[in-house]
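Read top to bottom, the protein sequences are chains A and B.
Using numbering that gives the first Met the number 0, read the first sequence as starting at 0 and increasing by one per residue.
Using numbering that gives the first Met the number 0, read the second sequence as starting at 0 and increasing by one per residue.
Using N, Cα and C, we set each Cβ at its ideal position, and we do this for glycine too.
Data first, discussion second: the structure below is written as structure tokens.
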Amino acid sequence: MKGAQIFVECLKREGVEVIFGYPGGAVLPLCDVLYDSGIRFILTRHEQGAAHAADGFARSTGKVGVCLATSGPGATNLVTGIATAYMDSVPIVAITGQVATHLIGNDAFQEVDITGITRPITKHNYLIKEISEIPRVVREAFYIAKTGRPGPVLIDFPVDIQRKDGEFYWPEKVEIRSYRPVYEGHPLQIKKAWELIRNSKRPVLIAGGGVVISNASEELKKFVEKTGIPVAFTLLGLGSLDVEGDYSLGMPGMHGTKYANYAIVESDLIISVGCRFDDRVTGKIDEFAPNAKIIHIDIDPSAISKNVEVDIPIVGDAKNVLQKLNEIAEKLKIDEWIEKIKEWKRMYPLRYERNGLKPQYIIEKISEYTKGEAIICTEVGQNQMWTAQYYKFKKPRTLITSGGLGTMGFGFPAAIGAKVANPDKIVIDIAGDGSIQMNIQELATAVFNKISVKVFIINNCYLGMVRQWQQLFYNRRYAFTCLEGSQPDFVKLAESYGAIGYRVSTEEEFDKILPKVLEEKEKVVFVDCRVEKEENVFPMVPAGASLNQILDGIA
Amino acid sequence: MGKNNNENKIETHIISVTVENRFGVLARISGLFSARGYNIDSLCVAETDDPSVSRMTIVVKGDEKILEQIYKQLNKLIDVIKVQDLTKEDHIERELALIKVNTPSFTERQEVMQLTNIFRGKIVDVGKKTLTIEISGSGSKINAMLELLKGFGIKEIIRTGKIAISREFEKKGG
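In structure tokens, the structure reads:
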């Protein structure tokens with residue numbers, strides 16, 4: 000068998016059904032084998048799109064997403080996608096072609112040291128040097144990507160080894176002596192944690208992306224029901240439980256709810272499950288939960304005590320640790336605390352003024368219509384924060400958004416990946432007029448492959464989030480953030496690719512087209528939503544301020 | 000509640016890291032240090048008795064919090080087999096230096112040879128007007144030697160950086 004055939008056989012054994020990618024000189028042998036391999040190959044229009052699509056595929060299923068690109072520029076175009084996946088712990092395997100082994104290091108045509116470039120943004124990476132390594136490398140790559148704290152793994156595959164003859168074998172087991180992720184929490188730590196929880200008067204649980212990744216929603220639900228502890232959800236933790244539940248505080252942090260932030264500031268115990276205390280969550284770190292002890296459950300030891308000092312660390316899988324906690328958990332006597340939180344929730348609900356077409360309205364309506372059943376992807380910026388605030392997430396893996404890296408242009412290709420993995424679900428990208436243009440070429444991918452994603456462009460003719468900061472902190476000097484007069488006609492643009500385009504600028508118009516858009520089964524739909532231009536995302540904790548210094552735009 | 004009030008006491012630590020002996024591992028480790036802004040004082044790498052394993056001795060400065068992160072981040076690398084902070088246990092550390100000293104006259108040559116003897120060094124090369132000395136020991140011993148040799152004029156110097164190994168001590172009882 001040729002190297003390329005061995006490689007593709009390995010992918011099949013790993014259960015790969017779809018690859019998002021783009022061909023090129025250094026992956027010709029691989030593409031030739033993939034052509035009739037039975038693995039679905041989705042040709043994107045840019046390698047970045049392929050990486051994000053693999054990411055969307057992975058986040059929406061929990062399976063490993065796979066993308067492929069050629070050497071040199073193909074490989075570097077994957078970089079943003081790989082970094083995005085790395086920051087949010089998404090299991091993807093990125094396959095890149097490389098120039099022939101005898102040319103490596105010679106500055107050959109389309110040569111780039113992609114293992115060097117991606118070293119800080121992959122969980123691990125490989126350069127295949129011998130044909131005999133292929134099965135071991137592929138097996139390890141998938142294993143590393145999906146176990147422990149998941150993450151992207153890159154395999155760089157020189158074109159001459161793809162063409163060489165070799166033997167196929169399949170290692171039944173993966174043995175990496177230096178890699179043994181810990182899943183079981185330490186029993187003593189769990190016991191200590193429960194002691195703290197039991198004696199707390201004002202506990203808050205923060206559910207992060209780790210709850211979603213480890214499929215721990217059931218366990219979390221049980222824990223919350225048993226104990227009665229209120230829960231805040233980080234951006235990536237949204238959907239781990241029904242955000243409308245009585246226990247729910249919504250999202251904390253920079254654009255979080257006032258009641259989540261107040262609860263954190265006043266709490267005497269923070270129980271963090273699979274959350275790494277990102278600065279967007281904590282605000283000014285020294286004033287984050289000043290009176291609270293902290294229990295931190297995380298599978299990654301390096302996440303513990305990195306940003307905030309932790310009183311009781313528990314290294315382990317969220318699902319596993321919550322199961323153990325549930326065995327001893329019981330109802331807490333925290334009625335006073337719950338009353339206080341109820342009061343905050345009554346006093347400070349999320350709100351906006353209904354005049355003109357408001358982004359918040361659009362998202363609320365989408366939420367009502369889809370009843371939390373759709374998969375919602377977002378770009379980055381205001382569109383993302385409004386989605387996090389106003390869409391009522393109910394289930395895990397229904398919000399797909401670039402949390403850590405904050406990658407504009409992520410949502411649309413990620414939606415394509417998610418729709419490929421979930422053909423029966425409604426998949427929506429809530430976009431901004433800025434970010435949608437960062438990967439708009441993927442319209443061709445979606446239309447040609449009949450991947451019917453629905454894109455709502457929250458079009459305010461601005462790079463809205465940056466403009467908001469300029470308005471609040473830079474004296475309204477809108478440096479380089481105004482897109483007025485430079486925008487394409489999104490309706491015609493969609494139509495020219497073979498998609499359906501709508502434009503709406505009032506609530507009535509929006510209400511009228513919404514069912515049509517969401518019921519469309521075959522075609523890709525773009526909705527250009529002309530919203531109020533200077534609407535801001537509130538509440539807002541300014542960068543570097545503490546969580547109780549919340550700006551509220553509405554008097 | 001004791002958050003972030005770590006007393007930023009900067010200390011030097013010797014970290015011994017056993018790693019898979021593969022290409023790119025050194026780059027992974029040095030990349031980790033530079034990306035996260037940790038400073039390396041010195042770094043030594045060589046194969047161990049098992050050719051598939053290399054051992055690195057890294058000398059770093061940092062407070063407790065940074066050291067904890069270094070330890071965890073190193074462990075997170077797939078190719079890292081074991082990380083040990085040798086400063087936390089009884090250990091032996093050594094460094095080797097080669098020093099080329101100006102010795103234009105006979106008396107200077109005599110003096111340098113004497114010093115070398117006292118420090119249990121070796122003369123490893125003799126030029127017309129220079130002597131090259133090999134000396135090993137703790138960092139402070141080498142520093143002391145250098146201080147003494149300064150007066151003669153040091154032409155060139157190379158130090159290996161520290162290597163260290165934990166001390167084997169008799170277990171009580173059993």
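- Taking C-alpha positions only, Asp278(A) is separated from Ile340(A) by approximately 24 Å.
- The contact set of Ser304(A) on chain B, defined by CB atoms closer than 7 Å, consists of Glu67 in chain order.
- For Met55(B), the enclosing beta strand (DSSP E) covers residues Val52 to Gly61.
- Within the stretch 75-89 of chain B, those residues whose Cβ lies closer than 7 Å to any Cβ of chain A are, in chain order, Lys75, Ile77, Asp78, Val79 and Ile80.
- The beta carbon of Gly30(B) sits closer than 7 Å to some beta carbon of chain A.
- Comparing C-alpha distances from Val92(A) to each of Leu153(A), Glu132(A), Ile41(A) and Val111(A) shows the shortest one belongs to Leu153(A).
- By the neighbour-count definition (other C-beta atoms within 10 Å, threshold 16), Glu174(A) is an exposed residue.
- Counting only residues of its own chain and dropping the five nearest sequence neighbours on each side, Thr406(A) has a CB closer than 7 Å to the CB of Thr79, Thr83 and Val379.
- Thr114, Gly115, Arg118 and Pro119: these are the residues of the stretch 94-121 of chain A whose beta carbon lies less than 8 Å from some beta carbon of chain B, given in chain order.
- In this structure Lys60(B) is in contact with Thr11(B), their Cβ atoms being roughly 5 Å apart against a cut-off of 8 Å.
- Membership of Gly73(A) in the alpha helix (DSSP H) is indicated by the continuous run Pro72 to Met86.
- From the beta-carbon of Ser177(A), the residues of chain B found nearer than 7 Å are Glu19, Ile77, Asp78, Val79 and Ile80.
- Residues of the stretch 44-72 of chain B that bring their beta carbon within less than 7 Å of a beta carbon in chain A comprise Glu67, Gln68, Lys71 and Gln72, in sequence order.
- Interface annotation, Arg27(B): in contact with chain A, CB-CB separation under 7 Å.
- In the displayed model, Leu398(A) falls within a strand according to three-state DSSP.
- Arg39(A) carries a strand assignment under DSSP once its states are collapsed to helix, strand and coil.
- Between the beta-carbon of Val452(A) and that of Val523(A) there is about 6 Å, and that keeps the pair under the 8 Å contact cut.
- A Cβ-Cβ distance of about 5 Å is found for the pair Ile296(A) and Val320(A), placing them in contact under the 8 Å criterion.
- Closest in alpha carbon position to Phe151(B), among Asn116(B), Ile141(B) and Val100(B), is Val100(B).
- Under the 7 Å criterion on CB atoms, Pro514(A) is classed as non-interfacial with respect to chain B.
- Counting only runs of at least 3 residues, the stretch 2-42 of chain B fully encloses the following beta strand (DSSP E) elements, listed from N- to C-terminal order: 10-19.
- At a Cβ-Cβ threshold of 7 Å, Ile38(A) and Val15(A) count as neighbours.
- Against chain B, a Cβ distance below 7 Å from Pro412(A) picks out nothing, because the smallest value is about 27 Å.
- Listed along chain A, no residue sits closer than 8 Å to Gly36(B) by beta-carbon distance, the nearest being about 13 Å off.
- No residue range can be given for Pro119(A), since it is assigned to no alpha helix (DSSP H) and is classified by DSSP as neither H nor E.
- The straight-line gap separating the alpha-carbon atoms of Gly61(A) and Ile269(A) is approximately 27 Å.
- Distance check between Gly208(A) and each of Pro202(A), Pro186(A), Thr233(A) and Leu195(A) places Thr233(A) closest, using alpha-carbon atoms only.
- Ile160(A) places its beta carbon less than 7 Å from that of Ile130(A).
- If you check the CB distance, Phe525(A) and Ala493(A) come in under 7 Å.
- Remark: C-beta atoms of Met144(B) and Ile157(B) do not approach each other more closely than 7 Å.
- Annotated as proximal: Tyr496(A) and Leu442(A), with beta-carbon spacing under 7 Å.
- Ranked by Cα distance from Gly403(A), the first of Asp87(A), Val63(A), Thr226(A) and Val32(A) is Asp87(A).
- Taking 7 Å as the cut-off, the Cβ atoms of Lys318(A) and Glu218(A) count as close.
- Contact of Ser88(A) with chain B is not assigned, every C-beta pair being separated by 7 Å or more.
- Pairing Ser137(B) with Arg93(B), the inter-Cα distance amounts to about 5 Å.
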